[in-house]
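Engineer:
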Amino acid sequence: MIKNTLYRFRNLSIIAAGSVLLAACGQSGGEANASGDDGAAAASTESSDIVRASFNDDGSVNIPTGYRQWVFMGAPLTPNALNGGEAPFPEFHNVYIEPSAFAAFEATGEFPEGTQIVKELTTVRSNNNADNGSSQEVSGVGYFQGEFVGLELTVKDNDRFKDEPGGWAYFSFGHKAPPYEKTATAFPAESCNACHEASAETDFVFTQFYPVLRAAKK
Ligand code: HEC
């Protein structure tokens with residue numbers, strides 16, 4: 036069963052890589068990835084139809100492709116100006132869920148095995164440099180997104196991550212401007228998982244900050 040899924044993922048990766056070449060665009064792989072090999076994954080709740088992350092023999096995970104075309108969940112912001120000048124993550128946090136996992140969540144209200152969620156950080160745009168780090172734009176004074184500066188991933192997989200509470204493993208491809216690292220190894224549970232377990236509303240995911248997920252949940 037698991038082997039089967041891995042093989043399917045490899046096939047999908049090849050399709051994805053092909054379409055990247057064809058389109059000569061780094062983001063186009065996601066469409067092939069997201070739709071599944073029979074085009075029906077989005078409507079299915081079978082865990083074998085969930086598009087899986089790709090792992091290497093040493094246990095590291097490969098950076099997902101096409102994630103900016105996944106379902107956008109939200110963009111929390113904890114700016115330095117509101118955190119004594121030292122927010123741990125002063126950037127916008129753009130959060131996306133892989134579409135087949137989103138479809139299963141919509142159908143069942145639960146995150147299926149294989150769920151992938153990414154969080155990509157972007158700087159707060161600085162224009163006319165107000166003391167509070169805000170920006171003056173045509174729509175008004177406020178906080179606007181600048182440049183990409185980091186990528187994190189969480190994957191739910193109770194077979195692969197038996198020792199992680201809830202089966203959720205957490206990864207970072209770098210807290211820096213692209214290009215990001217191509218692979219990442221899971222953080223120890225106390226670095227990431229513990230805070231998610233303690234404070235996230237739904238199965239380690241902070242649905243309290245994501246209206247898109249709350250609306251989807253039956
Ligand atoms: C102190 C608590 C805390 C710790 C520690 C923490 N997170 Fe989170 N994480 C959050 C909160 C709160 C959110 C909700 C969105 C936001 O504010 O960015 C979140 C959201 C996420 C998301 C989006 C999915 C979700 O669950 O909402 C990912 C991916 C993520 N974190 C990865 C990590 C990684 C990787 C680490 C370890 C390096 C980590 N987190 C450590 C609090 C934490």
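Residues are numbered in the numbering used here as their position in the sequence shown, beginning at 1, plus a constant of 35.
Backbone N, C-alpha and C fix where the C-beta goes; we use that ideal spot for every residue, glycine too.
1) Would you check if the distance between the CB atom of Glu-216 and the CB atom of Phe-206 is smaller than 7 Å?
2) Runs of 3 residues minimum, wholly inside the segment 101-139: which ones carry the beta strand (DSSP E) assignment?
3) Would you mind stating whether Thr-189 and Trp-203 have Cβ atoms separated by less than 7 Å?
4) If we ignore side chains and look at the alpha-carbon of each, how far apart do Leu-186 and Val-153 end up?
5) How long is the line joining the alpha carbons of Arg-160 and Gln-180, rounded to whole angstroms?
6) State buried or exposed for Gly-177, treating a residue as buried only when at least 16 other CB atoms are found within 10 Å of its CB.
7) Using the beta-carbon count (16 or more within 10 Å), is Lys-253 buried or exposed?
8) Quick check: is any heavy atom of the ligand HEC less than 6 Å from the C-beta of Pro-254?
9) If you scan the segment 175-235 from start to end, which runs of the beta strand (DSSP E) of 3 or more residues do you find wholly inside it?
10) Short of 8 Å in beta carbon distance, which residues of its chain neighbour Glu-199, apart from the five on each side in sequence? Order them along the chain.
11) Taking the C-alpha atoms as reference points, what is the distance between Ser-170 and Ala-116?
12) Suppose you measure from the CA of Pro-147 to the CA of His-210; what does that come to, to the nearest Å?
13) Does the Cβ of Thr-150 lie closer than 6 Å to at least one heavy atom of the ligand HEC?
14) Got a sec? Which residues, its chain only, sit under 7 Å from Thr-158 by beta carbon, not counting five neighbours each side?
15) I need the DSSP call for Phe-90, collapsed to helix, strand or coil.
16) Can you have a look at Arg-195 and say buried or exposed, based on whether 16 or more other CB atoms are within 10 angstroms of its CB?
17) Using DSSP bridges, identify the partner residues of Thr-157.
18) Based on the DSSP secondary-structure assignment, which residues constitute the bridge partners of Thr-237?
19) Beta-carbon separation of Ile-85 and Gly-149 under 7 Å?
Structural biologist: Per the coordinate set shown:
1) no
2) 106-109 and 127-132
3) yes
4) 7 Å
5) 5 Å
6) exposed
7) exposed
8) Here the chain comprises residues numbered 36 to 253, so residue 254 is not present and cannot be evaluated.
9) 175-177, 180-191 and 203-207
10) Ala-221, Ala-224 and Asn-228
11) 12 Å
12) 28 Å
13) no
14) Glu-126, Gly-181, Glu-182 and Val-184
15) strand
16) buried
17) Phe-127 and Phe-183
18) Val-240
19) yes
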